[in-house]
Ligand code: SF4
Ligand code: SF4
C-alpha cells in the first residue's frame with residue numbers, strides 16, 4: 484500500500500520554508516543598501532538576532548515538545564529576527580537586539596502557540612517593547628556622513644567603546660519632528676528638507692536607498708505571489724492620502740508624502756509587516772482595511788505622537804482588530820453573490 | 147464565437163495525459179471472474195434478480211432500479227452466477243457491498259437487443275429506458291441520468307452543457323472517447339437535447355485536447371447539429387460541473403439549487419455516449435472506458451467490463467516493480483483502491499499505478515500560517531483555512547457558517563497549502579461528523595417523541611382509570627340515591643355521569659390499541675376524546691411537524707451526496723459503531739450499503 488492516505492495525491496512544491504526563504508531573499512536589496520550606506524555593522528546585528536532567534540526557538544520547541552528539525556528549518560524565526568535587526572538602530576548595544584528577539588520569539592510567538600498562532604506581529608512587539616523600555620537607545624541612529632571604522636562600530640555595539648553623541652543621532656524623520664518643535668514657526672519643512680546632508684534627495688539621506696531596496700523586495704514578493712497587493716498598496720495609500728492632505732493644506736508644517744513613504748519604517752512596514760499573514764487580515768477587503776488604517780495610524784503616530792516612528796504601534800493596534808475585520812469582510816461565495 | 151467566463155481559483159497541476167493517449171482504446175479481455183456491485187449509482191440499491199447457479203447472458207438485468215432515483219445493473223458478459231454476496235467495494239473504506247459474482251463462460255453471448263428509434267417514443271419512455279439500461283453520470287458522480295433529464299417547470303431551459311473538459315491529471319478516457327467515437331457522443335447529446343429542449347447546446351473541452359475538439363466539431367457538422375464545441379482554458383477543476391457551467395454560461399449554480407432552476411443542465415460526454423448505445427442499440431451500461439496509467443509499462447485506455455477485479459485489469463498495463471498502490475480516479479479527487487480484488491465500477495474512469503516517485507510521501511503537516519493560498523485557489527471562493535480551523539476544533543456549527551457543504555472536495559486548497567495540511571481530509575471528517583450527529587439527533591428526537599407519547603398515554607390511562615372508578619362510585623352513589631328515592635339528587639348525579647359513556651369508549655380504544663411506543667398514529671385517533679388530550683395531541687403533532695421540518699432542512703446537501711460521500715458516512719458509522727460510540731443510527735433508509 485502507498486504511504487499516503489487521502490487525496491489530493493498530487494501537491495505542488497510549496498512549503499513554509501520556501502515562503503520564508505523568499506521573504507528573506509526579498510529583504511536582501513534593502514540589506515545591501517543598508518550595508519552600503521551605514522557599513523557592515525548591520526550584518527553583525529542580523530547575525531546576533533538570527534542566532535538569538537534560533538536558540539530561543541529551539542529552546543521553546545523543546546519545552547513545548549514540538550518536532551525540532553521541522554520547525555527550526557521553517558525559517559519563520561529568521562524572518563522575525565531580520566525584521567527586528569532592520570528596525571533597530573544599527574549601533575544599538577548587542578543586548579538590545581538580543582532582548583528584543585527573545586521577547587519576540589518567546590513571548591510574542593511561542594507563548595501564543597508558536598508558528599501561525601500569534602495574534603501580534605512578533606517583530607513589531609519587539610520594537611514596541613524596546614522603544615518603550617529604552618527610548619533613548621532606540622532613537623539613536625548613525626548619521627550618514629560620519630566615517631567610523633567597522634571596528635569602532637563593533638566596539639560600540641559590544642560596549643567596548645562609549646557611545647558618542649557624535650556618531651549617532653536621530654533619524655531624519657525624528658530630526659524633522661524635533662526641528663519643527665524646537666523652532667516652532669520659524670522654519671518651514673521645505674527649508675529643512677532642502678538640507679541634503681540630512682534629508683538626501685527625496686527622503687532621509689541614505690535612507691531613501693534602503694527603503695527603495697525594501698520596495699524592490701516587495702515587488703519581488705508580489706511577483707512571486709507570496710503577498711497580495713491589497714495590504715501594501717492600501718498601507719501606502721493610507722499614508723499618502725493623509726500626509727498628502729495635510730501637506731497640501733499646510734506645506735510649511737507638514738512634509739510631503741514622498742518623504743514619509745521613504746522614511747522610517749514605512750516601506751519595510753508596507754511590504755514586510757502588514758503583509759505578515761499570521762497576524763494580518765485574511766480576506767481581500769480586510770487586507771485593504773487593515774493596510775489603509777495602519778498606514779494612516781502610522782502617519783498620525785509618527786507626526787503627532789511621542790515616538791520617532793509609528794509603524795509598529797499602528798500595526799499592533801490593527802492586529803487587535805483582525806478578527807473583527809475578518810468577520811465582517813467575509814466574501815460572498817460561489818453562487819451566492821447576488822443574494823443581497 | 148461565444149465569449150467565455152471565468153471561475154475564480156483553480157490550479158494547474160502537471161497534466162500527465164500524453165502517456166495514455168498514444169494508443170487507441172483497446173477492448174480488455176474477459177476476466178476470470180466478475181464482481182458486479184448492485185449499488186453503483188446515487189439512490190436506491192437494486193435488489194438482486196438472479197440467484198447463485200443461474201446462467202446469465204451479457205446485458206441481462208441482474209438488479210432492477212429501486213425507486214425513481216436508482217439505476218439498473220446488468221451482467222457484463224454471459225456466464226454463471228456463482229454467488230450473491232458481500233464483496234469488497236471500490237471505496238477507500240474497505241467496506242463490502244452486495245455484489246453478484248459471475249464466472250464468464252467465454253461465449254460473451256448477448257441478450258436479445260432491440261434497437262429503438264427513440265424519436266417515436268414519448269419522453270417518459272426514453273427516461274425509463276435509460277433507467278432500465280443503467281445509464282448514470284460517468285464523470286464520477288454516478289447520478290442516474292434519467293433523473294436529470296426533466297426540465298424545470300418554471301424556468302426555461304437555456305443551455306445544455308456537455309462536459310468533455312476532463313480536467314484531472316492522468317485521466318484520458320473521455321479524450322480518447324471523443325476522438326474515436328465522436329459521432330456517437332454527438333448523437334447521445336442529441337437525445338439529451340430532445341428531452342430537455344434547451345435553447346443552446348454547449349460542449350466544453352479543455353484546450354489541451356485539440357484532437358477531441360476537432361473530432362467533435364467534425365461530427366457536429368456531419369450530423370448537421372447546431373451544437374457549439376468550445377475549447378475552454380485548461381485549469382483544474384474546469385471539468386467540475388459547476389465550473390464548466392460557469393465558464394460556458396456565466397451562471398453560478400449555488401449549492402442550494404439545482405442547475406435546472408437556473409435553466410441549465412450538464413452531462414458528461416461518456417454519459418451521452420452510453421445513452422446513445424443504450425437507447426438505440428439496446429446495450430445497457432456493462433462496460434466503460436478506463437484509463438490505465440501511471441507506473442505501468444503500457445499506459446493506455448481500455449474498454450473494460452464493469453466488475454473486472456483490479457488485479458486482472460492492472461495486469462493489462464504491466465505495472466512496474468516499484469508500484470505501491472492503485473488510485474481510482476485522478477490524483478486530485480481519486481482514492482486508493484482498498485484491495486486488488488475490488489472491482490471496476492461505473493464510476494471508475496481511471497486507474498493510476500502509484501510509486502514513490504510518482505506520488506512522493508507527503509511532508510509532515512505544519513500549523514496553518516493563514517497565508518490565504520487555499521482561499522485564493524478555491525473554485526467555490528471559500529475560506530478553507532477557517533473551515534480547517536473549526537474542523538480541527540470540532541466546532542462543526544462554525545464550519546457550516548463558513549459553508550463547508552459548498553466545498554466540492556476538489557483538493558485545490560491542499561494542493562497549494564505551504565503547511566501541507568490535508569485540508570480536504572479535515573473537511574470530509576467535518577462533513578461526515580455533521581451527518582452522523584444529525585442522524586443521532588434525529589434518532590434521539592424520535593426516541594424523545596416516542597417517550598413523550600408513552601408518558602402522555604400512561605397519564606391519560608391513569609386519569610381514565612381514576613375517572614372510571616369515580617364514575618363507578620358516582621353510579622353507585624346514584625344507585626344508592628335512586629334506591630333512597632331521593633329524586634332531587636338525580637340531576638347532580640346525571641351531570642356527573644354524562645361524560646361517562648365517552649370516557650368509557652376512550653378507555654376501550656386505549657385498551658384495544660397496541661402497547662405504547664409501537665404506533666404513533668393509533669394514539670392520534672383516540673387523542674381528541676377529551677380536551678386535555680386533544681391539546682396534548684396538538685402540541686405533540688406540532689412537535690412532530692417541527693421535527694420533520696428540521697429533518698428536512700438539516701443537514702444540508704444530503705440529497706446531493708456523491709456516492710463517495712455516502713460511503714464516507716457509512717465508514718464513519720461503522721467506525722463509530724465499532725468504537726461502541728453509538729448504536730446504529732435510526733435513519734437507516736438513507737444509509738448506503740455500498
Ligand atoms: S494554504 Fe495552508 S497555511 Fe495557507 S492559509 Fe490555507 S491552510 Fe493555512
Ligand atoms: S477542496 Fe473545497 S475548500 Fe478546498 S479548494 Fe476545493 S472546494 Fe475549496
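Chains as they are written, first to last, in this note's numbering: chain A, 484 to 823; chain B, 147 to 740.
By construction, the Cβ of each residue, glycine as well, lies at the ideal position given by its N, Cα and C atoms.
Not one heavy atom of ligand 2 lies closer than 7 Å to the C-beta of residue 159/B.
Between the region 743-754 of chain A and the region 799-818 of chain A, the count of C-beta pairs closer than 8 Å stays below three; the two stretches do not touch.
Judged by DSSP in its simplified three-state form, residue 181/B adopts strand. Ranking 339/B, 332/B, 244/B and 446/B by CA distance to the CA of residue 232/B puts 244/B first.
A direct Cα-Cα distance of roughly 30 Å separates residue 406/B from residue 474/B. Neighbours of residue 245/B in chain A, taken as residues whose beta carbon is under 9 Å from its own, are absent, since the nearest beta carbon is some 22 Å off. Looking at 816/A, 622/A, 551/A and 717/A, the one whose alpha-carbon comes closest to that of residue 402/B is 816/A.
510/A is the residue among 580/A, 528/A, 510/A and 571/A whose C-alpha sits nearest the C-alpha of residue 562/A. Under DSSP, residue 193/B shares a beta bridge with 210/B. Contact annotation: the region 329-341 of chain B touches the region 351-366 of chain B, with at least three C-beta pairs closer than 8 Å. Not a single heavy atom of ligand 2 lies less than 7 Å from the C-beta of residue 549/B. A Cβ-Cβ contact shorter than 8 Å links residue 276/B with residue 291/B. About 19 Å separates the beta carbons of residue 697/A and residue 558/A, which is beyond the 8 Å limit, so they are not a contact pair.
Listed in chain order, the non-local C-beta contacts of residue 518/A below 7 Å within the same chain comprise 525 and 526, local neighbours out to five positions each way being set aside. What residue 789/A touches in chain B, judged by beta-carbon distance under 9 Å, is nothing: the nearest beta carbon there is about 33 Å away. For the region 493-516 of chain B, the set of residues with a beta-carbon nearer than 7 Å to any beta-carbon of chain A comprises 500, 505, 507, 508, 509, 510, 512, 513, 514, 515 and 516, in chain order.
Its chain contains 524, 527, 574, 576 and 577 as the residues whose beta carbon lies nearer than 7 Å to that of residue 640/A, once the 5 sequence neighbours on both sides are disregarded; these appear in chain order. Scanning 503/A, 542/A, 609/A and 545/A for the CA closest to the CA of residue 568/A turns up 609/A. For residue 473/B, the closest Cβ of chain A is nearer than 8 Å.
Between the alpha carbons of residue 264/B and residue 404/B lies a distance of about 27 Å. Counting only residues of its own chain and dropping the five nearest sequence neighbours on each side, residue 573/B has a CB closer than 7 Å to the CB of 533, 537, 550, 553 and 555. Between the C-alpha atoms of residue 539/B and residue 174/B there is a straight-line separation of about 48 Å.
At a cut-off of 8 Å, the C-beta of residue 817/A has a neighbouring C-beta in chain B.
Residue-level contact by beta carbon holds for residue 480/B and chain A, with a gap shorter than 8 Å.
Residues of chain B whose Cβ lies closer than 8 Å to the Cβ of residue 563/A do not exist, since the nearest Cβ in that chain is about 13 Å away. Taking a Cβ-Cβ cut-off of 8 Å, the neighbours of residue 820/A in chain B comprise 398, given in sequence order. Under the DSSP assignment, residue 766/A falls outside any beta strand (DSSP E); it carries neither an H nor an E label.
The Cβ of residue 498/A sits closer than 8 Å to at least one Cβ of chain B. Within 10 angstroms of the beta-carbon of residue 503/B lie fewer than 16 other beta-carbons, which makes it exposed. Exposed is the label assigned to residue 684/B, since fewer than 16 other Cβ atoms lie within 10 Å of its Cβ.
Residue contact with chain A for residue 540/B: absent (no Cβ-Cβ distance below 8 Å to any residue of chain A).
Non-local beta-carbon contacts of residue 347/B in its own chain, meaning distances under 6 Å to residues more than five positions away in sequence, involve 306, 339 and 373 in chain order.
Nothing from the region 408-440 of chain B brings a Cβ to less than 7 Å from some Cβ of chain A. Residue 742/A: member of the alpha helix (DSSP H) spanning 740-744, first to last residue. Fewer than three pairs of CB atoms, one per stretch, sit closer than 8 Å, so the region 778-797 of chain A makes no contact with the region 156-166 of chain B. About 5 Å separates the Cβ atoms of residue 465/B and residue 442/B, confirming a contact at the 8 Å cut-off.
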